[in-house]
Structure formats: structure tokens, C-alpha cells
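Numbering (the working numbering), first residue to last: 720 to 965. Taking it in order: structure first as C-alpha cells, then the write-up.
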């Protein structure tokens with residue numbers, strides 16, 4: 720089945736930076752300090768953070784990103800999870816059409832945010848840093864389930880598969896490199912005349928890169944190494960792997 724994974728076929732791209740902290744941070748115990756930190760994010764990076772949402776057991780920041788035709792996309796760019804903070808930045812979204820979002824150098828933003836976090840919460844240690852790239856490749860009218868299933872060697876398996884999700888683990892000496900590949904589709908609703916539009920298909924590819932060994936407190940140079948490795952993998956290796964290039 721002929722299809723080429725290429726940058727121009729990416730309809731959505733979100734990068735997430737997740738931290739595992741020990742001991743964990745909780746809004747109920749650290750609310751004032753966490754809100755001060757969130758306000759620092761909003762003041763320092765207004766292009767990425769603008770609205771603090773705080774509840775009894777949750778804390779997050781949203782950003783309203785401008786889109787074409789005067790539209791906007793609300794996106795949670797900071798969320799405090801039970802394991803630790805998650806920073807998320809949309810580089811490309813599909814809202815009516817492909818929309819590129821100017822988020823700048825998110826690695827640099829995350830480095831500054833991590834340094835500020837560690838300076839404010841001295842008791843918390845970073846045990847793991849994960850960088851996740853979430854990409855959706857548009858395959859148009861090409862059935863993405865059949866496309867992903869084409870990687871299966873047995874033709875009888877391919878003939879019977881109606882849905883599947885591939886989980887691939889490709890660790891290096893000091894990093895976990897995990898890929899999840901699964902098909903998706905969008906079926907437009909019926910119009911006023913009753914005729915539905917063409918179903919469009921895609922392939923979701925999630926790339927999760929993190930340190931293999933839990934750290935007592937991840938040093939800055941190791942955090943930088945993970946960021947650089949993840950950026951280079953997405954830029955130079957992922958497409959070759961998906962296209963099975965030698």
C-alpha cells in the first residue's frame with residue numbers, strides 16, 4: 720500500500736514535557752506556592768500561558784491561540800498531574816484546516832520553566848523527564864487501518880484486522896524510546912441535503928522519550944540530553960522509521 724509519511728502530511732502536532740516528582744506536588748498542600756509559580760509562567764511567557772484555573776484538587780493554565788478567520792483555540796499548556804507537571808504546546812492543529820501555531824522554541828521555554836520550578840520547590844526531586852510528540856498524519860481517503868495493518872507479515876492477519884494499535888519499544892542505552900501507532904478517521908456529519916462528506920483517515924503516532932533509570936534528581940545536563948535527543952529523533956529519524964527506510 721503506497722503512502723509516504725512526510726512533514727507536509729502532518730495535520731496535528733503537539734509536544735508535551737512531563738515530569739515525575741518525588742515527593743509529589745498537590746494543590747491542597749502547595750496551593751499558594753503553585754499559584755505563584757503559575758503566575759510566573761503567565762508573566763514570563765504570555766504567548767504560551769494566560770488563564771490560571773484552580774480548583775480543590777486541580778491546577779492548570781490555558782492559552783487562547785489565535786487561528787485563521789478570527790477563530791481561537793483554547794489549549795491547556797500546563798497541567799499539574801498526580802505524578803507532576805505537564806507542559807503542552809501545539810505546534811500544528813487541525814481546526815477547519817491545518818493551522819500552524821507560533822509557539823517558538825518550546826525546549827528553551829521548558830528549560831527555563833524547569834529551572835524556576837526547581838528553585839521554588841527545593842524538596843521535590845525530578846526522577847524522570849519525558850518528552851512526548853503527538854502527531855497525526857493525514858492519509859486522506861486511504862484507509863489508515865489497512866495502511867497500518869500492511870506492516871503485518873501474514874496476509875491472513877491483514878485480511879481480518881478491522882482495528883489495531885502498535886506499541887513499539889526501542890530503548891537506547893540510557894533512554895526509553897516508545898512509539899504508539901494507531902489509525903483514526905473522521906466521518907463528517909450529513910449535510911442539509913442528507914449527503915455525508917467523504918470519510919477522512921489518518922494515523923496517530925505518539926513518540927515518548929524518557930530516561931530509563933529513575934534519578935534521585937535528574938541533573939540539568941541529562942535533562943538537556945533528553946531534549947536534544949527527542950528533537951533530533953523527530954527531525955531526522957522518525958519519518959525514515961515510519962517509511963521503513965534503510
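Cβ coordinates follow ideal geometry from the N, Cα and C atoms, glycine included. No experiment lies behind these values; they were computed from the predicted model shown.
Residue span of the alpha helix (DSSP H) that contains residue 958, given as start and end: As a position in the chain shown, residue 958 is number 239, starting the count at 1. First-last of the alpha helix (DSSP H) with residue 958: 957-961.
CB-CB length for residue 896 against residue 928, believed under 8 Å: As a working note, residue 896 is residue 177 in the chain shown. As a working note, residue 928 is residue 209 in the chain shown. Right, the Cβ-Cβ distance comes to about 5 Å (below 8 Å), so this counts as a contact.
May I ask you to report which of helix, strand or coil DSSP gives residue 800? Walking along the chain shown from the start, residue 800 turns up at place 81. Three-state result, residue 800: coil.
Residue 739: first and last residue of the uninterrupted beta strand (DSSP E) it sits in: As a position in the chain shown, residue 739 is number 20, starting the count at 1. First-last of the beta strand (DSSP E) with residue 739: 729-741.
Quick check on this structure: which residue in 851, 746, 731, 850 has the alpha carbon closest to the alpha carbon of residue 773? In the chain shown, residue 773 corresponds to position 54, counting from 1. Considering only alpha carbons, the answer is 746.
State the CB to CB distance for the pair residue 898 and residue 925, rounded to an integer number of angstroms; the pair is presumed to be in contact (CB under 8 Å). Working through the chain shown from its first residue, we reach residue 898 at position 179. Working through the chain shown from its first residue, we reach residue 925 at position 206. Indeed, because the Cβ distance is near 7 Å, the residues count as touching under 8 Å.
Starting from residue 809, follow its DSSP beta bridges and name the residues at the other end. If you number the chain shown from 1, residue 809 lands on position 90. Paired residue(s): 733.
So what's residue 899 in DSSP terms, helix, strand or just coil? If you number the chain shown from 1, residue 899 lands on position 180. DSSP places residue 899 in strand when its eight states are reduced to three.
Proximity below 8 Å, CB of residue 858 to CB of residue 789: Position 139 of the chain shown, counted from the first residue, corresponds to residue 858. Position 70 of the chain shown, counted from the first residue, corresponds to residue 789. No, the pair does not count as a contact, with Cβ atoms beyond the cut-off.
Run the CB neighbour count on residue 933, radius 10 Å, all protein chains shown included, and call it buried at 16 or more, exposed below. Counting from 1 along the chain shown, the entry for residue 933 is found at position 214. Burial call: exposed.
Please confirm if the region 958-965 is in contact with the region 724-739, defined as three or more CB-CB distances below 8 Å between the two stretches. yes
Taking the continuous beta strand (DSSP E) assigned at residue 784, which residues delimit it? Within the chain shown, the letter at position 65 stands for residue 784. Note, residue 784: beta strand (DSSP E), 778-785.
Every unbroken beta strand (DSSP E) inside the region 812-839 [3 residues or more]: 816-819
I'd like to check one pair, residue 840 with residue 963: are the Cβ atoms closer than 8 Å? For the purposes of this step, residue 963 is taken as the residue at position 244 of the chain shown. For the purposes of this step, residue 840 is taken as the residue at position 121 of the chain shown. Their beta carbons are not under 8 Å apart, which means residue 963 does not touch residue 840 by this criterion.
One question on the structure: do residue 738 and residue 845 come within less than 8 Å of each other, judged by their Cβ atoms? As a working mapping, residue 738 is identified with position 19 in the chain shown. As a working mapping, residue 845 is identified with position 126 in the chain shown. The answer is yes: Cβ separation under 8 Å.
For residue 867, collect the residues of the same chain with a Cβ closer than 8 Å to its Cβ; drop the 5 residues on either side in sequence, then sort them by chain order. By 1-based counting over the chain shown, the position of residue 867 is 148. For residue 867, where only same-chain residues beyond five positions count, the Cβ hits under 8 Å are 883, 885, 900, 901, 902, 922.
With a cut-off of 8 Å on the beta carbons, I'd call residue 880 and residue 864 a contact; round off their distance for me. Position 161 of the chain shown, counted from the start, is the residue given in the question as residue 880. Position 145 of the chain shown, counted from the start, is the residue given in the question as residue 864. Confirmed, about 7 Å.
Between the C-alpha atoms of residue 890 and residue 834, what's the straight-line distance to the nearest angstrom? By 1-based counting over the chain shown, the position of residue 890 is 171. By 1-based counting over the chain shown, the position of residue 834 is 115. For residue 890 and residue 834, the distance between alpha carbons rounds to 27 Å.
Flag this pair as yes or no: are the beta carbons of residue 779 and residue 799 separated by less than 8 Å? Translated into the one-based positions of the chain shown, residue 779 becomes position 60. Translated into the one-based positions of the chain shown, residue 799 becomes position 80. Yes.
Exposed or buried, residue 938, counting other C-beta atoms within 10 Å across all chains shown (16 or more means buried)? Counting from one through the chain shown, the residue named residue 938 turns up at place 219. Exposed, by the Cβ-count rule.
Give me the Cα-Cα distance between residue 941 and residue 794, rounded to the nearest whole angstrom. Translated into positions along the chain shown, residue 941 becomes position 222. Translated into positions along the chain shown, residue 794 becomes position 75. Going by the C-alpha atoms only, they are around 29 Å apart.
Quick check on DSSP: helix, strand or coil for residue 863? For the purposes of this step, residue 863 is identified with residue 144 of the chain shown, where counting begins at 1. Helix.
Report the residue from 848, 720, 814 whose alpha carbon sits nearest the alpha carbon of residue 949. Along the chain shown, read from residue 1 onward, the residue named residue 949 stands at position 230. Checked all of 848, 720, 814; the closest Cα to residue 949 is 848.
Would residue 729 and residue 905 be called neighbours here (beta carbons separated by less than 8 Å)? Within the chain shown, numbered from 1, the residue matching residue 729 stands at position 10. Within the chain shown, numbered from 1, the residue matching residue 905 stands at position 186. Not a contact, by the Cβ cut-off of 8 Å.
For residue 776 and residue 783, I'd like the C-alpha separation in whole angstroms. Within the chain shown, numbered from 1, the residue matching residue 776 stands at position 57. Within the chain shown, numbered from 1, the residue matching residue 783 stands at position 64. When rounded, the distance between both Cα atoms is 23 Å.
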